[in-house]
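K.L.:
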Amino acid sequence: MKLIANLIEQCLREIATVMRSMLLSREHKFREERMGDSNELKEMRHLDMVSFSVYTQ
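So the sequence shown is residues 210 to 266, counted in the working numbering.
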């Protein structure tokens with residue numbers, strides 16, 4: 210029973226990772242359209258990637 214729960218948890222984590230990565234790419238596109246190529250946008254991208262890498266570990 211615990212094995213099944215672990216497999217389900219692992220699958221849900223993988224799904225969440227894929228969904229988050231898809232949302233980040235769409236958010237970046239939206240920001241680019243709204244903000245252009247500003248330094249603030251570059252900093253936000255960096256922070257997103259740092260938080261994403263921490264989230265997926």
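Don't be surprised by glycine CBs; every beta carbon is placed ideally from N, CA and C.
From the DSSP output, in three-state form, read off methionine 244 for me.
P.N.:
Three-state result, methionine 244: helix.
K.L.:
Express the C-alpha separation of threonine 226 and serine 239 in angstroms, rounding to a whole number.
P.N.:
In the sequence on display, residue 239 carries phenylalanine and not serine. Going by the C-alpha atoms only, they are around 20 Å apart.
K.L.:
Quick check: what's the CA-CA separation for cysteine 220 versus histidine 237?
P.N.:
About 26 Å.
K.L.:
Have a look at serine 230 and isoleucine 213 and give me their C-alpha separation to the nearest angstrom.
P.N.:
Near 26 Å, if we compare the C-alpha coordinates of isoleucine 213 and serine 230.
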